Amino acid sequence: MEPLDIGIVVTGGLLVLVVLGMRVAFAAAMAGIVGLVWIFWAKAGYAPERFLWALSVAAKTAGQVPHSKLSSQALSLIPTFVLIGYLAYYAGLTRALFEAAKRWIAWVPGGLAVSTVFATAGFAAVSGASVATSAVFARIAIPEMLKIGYDKRFAAGVVAAGGTLASLIPPSAILVIYAIIVEQDVGRLLLAGFIPGAFSAVVYATLIIGMAMLMKNFGPPVGGFTWRERFSALPGALPIFFVVFIIIVFIYNPFGGDAWGTPTEGGALGAAVVFLMALYRGMRWAELKDALLETAKLSAMIFTIIWGVLIYVRFLGFADLPASFADWIAGLEQSPMLTLILILLAYAILGMFMDAIGMLLLTLPVVYPAVMALNGGEFVSAADSAFGMSGPMCAVWFGILVVKMAEFCLITPPIGLNCFVVAGVRDDVSVQDVFKGVMPFFVADGITIALLVAFPAIVLWLPSQV
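Numbering (our numbering), first residue to last: 1428 to 1893.
Below is the structure:
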């Protein structure tokens, strides 16, 4: 059997393991090791006495992967960004942000739900984790919405959907992972997520306002706040935006010249600033310990998935599956845009059975070269490309599209992780309730993705200015 055939068989086996419920990290590592042993043994002619040799070479090959990749400086962004979010929560900054959003926005139809969306977007700007964002606002926003008569399913759905905004709005752990896997500039991708993330929040808010205007007794507006009360709520929320400003200025240096530091250093600086703010606001040792433990748990989960998937990726390289798939995609006799849309639809289906990070890590080594080939290659100019953009810009555009699809998968049944998190935090809401509550946001996400595909400038304008 040829290496390509082995790659196809092992990949099929991996998908079966994932559908059966095995954790992505362990399924990918197992598939990668089995595939490496198979390829090396096949090269030795399947001689029985050479099996142990093949096993030894496969173990050495797989063992080198985790250290070589996980020691990358870029990956240190992930724990620092996650830590920023948890420190902000335990310092009480998130509740202050929600209160400010409520006083300024809640007067519109469906105002409290709209306030929740924009508050989650603001919190996403200091937290790179969708799960953390959903967990935090399930505690803060849902009781407020239930108090004034929101349906509990919709209230839970707003929080679960709003939490997905952390996948796009920098600092985003998933965008960092994408940049590392496809070997693109982390800073440019983080910058590219700002406008699409804000655009997604506006689409969510528009959907909620429209539903409130069309449906009776849906999301009554909350008024009665004086201008003095509104302005008095701003100081409590400003520290979050101050941290975002510091990180952006440090990484991108808008005043001209070289950047003042790397994204990793920017994340560490942001964490230090939030830590000092938390101390100033009275955070105690118990709260700091909880923030550190939650950061360690989430970071360990992310790194374990990366570790397992990278072994599988090394096997894919030996099987030559990514290059073969890219050649096949590029040779299809149909519009490149149609092919791209079919790839995005495939992500929507795959996301029903896999978590977002695992899905991207498993597919990008194969899909990314294919999309680059569709556009004309890594170094194609905009004039000669299929999508009207250069190779580096296509990498950024596709990254935002695929991460937006990952957002979509965070709320799709039966695996939608954000829905499970919200249900886990709230004893009065079942997982089924949350899945019913997020259904309207499927429409909003579909509209957003369609507009990002049709108008790439939404994604590319800001990074093209740097």
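Heads up, the beta-carbon is just placed ideally off N, CA and C, and yes, glycines get one too.
It should be emphasised that the depicted structure is a prediction, and the values quoted were computed from it without experimental measurement.
query: At which residue ranges does the region 1678–1759 contain complete alpha helix (DSSP H) runs of 4 or more residues, listed in the order of the chain?
result: 1690–1707, 1712–1746, 1748–1757
field: C-alpha gap between Y1631 and W1480, whole angstroms
entry: Taking the first residue of the sequence shown as 1, we reach residue 1631 at position 204. Taking the first residue of the sequence shown as 1, we reach residue 1480 at position 53. Straight-line Cα distance between these residues: approximately 56 angstroms.
query: At what residues does the alpha helix (DSSP H) containing T1633 begin and finish?
result: Taking the sequence shown and counting its residues from 1, the one referred to as residue 1633 is at position 206. Segment 1621–1641, the alpha helix (DSSP H) holding T1633.
- prompt: So, helix, strand or coil for F1645, using DSSP?
  reply: For the purposes of this step, residue 1645 is identified with residue 218 of the sequence shown, where counting begins at 1. Reduced to three states, the DSSP call for F1645 is coil.
message: Distance check for A1750 and A1800, CA to CA, integer angstroms please.
response: Counting from one through the sequence shown, the residue named residue 1800 turns up at place 373. Counting from one through the sequence shown, the residue named residue 1750 turns up at place 323. For A1800 and A1750, the distance between alpha carbons rounds to 10 angstroms.
query: Count the other CB atoms within 10 Å of the CB of Y1605; is the residue buried (16 or more) or exposed (fewer)?
result: Here the question's residue 1605 lines up with position 178 in the sequence shown. Looking at its Cβ environment, which holds 16 or more other Cβ atoms inside 10 Å, Y1605 is buried.
query: How would you call D1782, buried or exposed, if buried means at least 16 neighbouring beta carbons within 10 angstroms?
result: The residue labelled residue 1782 in the question sits at position 355 within the sequence shown. D1782 should be labelled buried.
- request: Using alpha carbons as the reference points, say which of G1637, D1432, Y1513, Y1679 lies closest to D1976.
  value: Residue 1976 falls outside the range modelled here, since the chain spans only 1428 to 1893, and no answer is possible.
- prompt: Relative to the alpha-carbon of K1574, which residue among S1891, P1648, G1694, L1514 has its alpha-carbon at the smallest distance?
  reply: For the purposes of this step, residue 1574 is taken as the residue at position 147 of the sequence shown. Per the Cα distances, P1648.
- prompt: What's the gap between the Cα of V1461 and the Cα of G1735?
  reply: In the sequence shown, counting from the first residue as 1, residue 1461 sits at position 34. In the sequence shown, counting from the first residue as 1, residue 1735 sits at position 308. If you take the alpha carbons of V1461 and G1735, they lie about 13 angstroms apart.
query: Can you find at least 3 beta carbon pairs, one from the region 1562–1576 and one from the region 1517–1530, that sit closer than 8 angstroms?
result: yes
query: Got a sec? Which residues, its chain only, sit under 7 angstroms from I1838 by beta carbon, not counting five neighbours each side?
result: Residue 1838 sits at position 411 when you count from the first residue of the sequence shown. Correct list, in chain order: A1587, A1588, T1591, N1845, C1846, V1865, F1868.
message: Among the candidates I1733, K1579, I1673, whose CA atom is the shortest distance from the CA of D1855?
response: Taking the first residue of the sequence shown as position 1, residue 1855 is located at position 428. If we check each option's Cα against that of D1855, K1579 comes out closest.
field: 8 angstroms Cβ shell around F1621 - same chain, five flanking residues per side excluded
entry: Counting from 1 along the sequence shown, the entry for residue 1621 is found at position 194. Correct list, in chain order: I1596, P1597, L1889.
task: Select from L1787, A1660, V1740 the residue whose C-alpha is nearest the C-alpha of A1527.
output: For the purposes of this step, residue 1527 is taken as residue 100 along the sequence shown, with counting starting at 1. For the residues L1787, A1660, V1740, the minimum Cα distance to A1527 belongs to A1660.
message: At the level of alpha carbons, what is the spacing between A1455 and Y1739?
response: For the purposes of this step, residue 1455 is identified with residue 28 of the sequence shown, where counting begins at 1. For the purposes of this step, residue 1739 is identified with residue 312 of the sequence shown, where counting begins at 1. When rounded, the distance between both Cα atoms is 6 angstroms.
query: What's the call for G1448, buried or exposed, on a 16-neighbour Cβ count within 10 Å?
result: Position 21 of the sequence shown holds residue 1448. Label assigned to G1448: exposed.
message: Looking only at its chain, what residues have a beta carbon closer than 6 angstroms to the beta carbon of G1401, apart from the 5 residues adjacent to it on each side?
response: Outside the shown range of the chain, which is 1428 to 1893, sits residue 1401, and nothing can be said about it.
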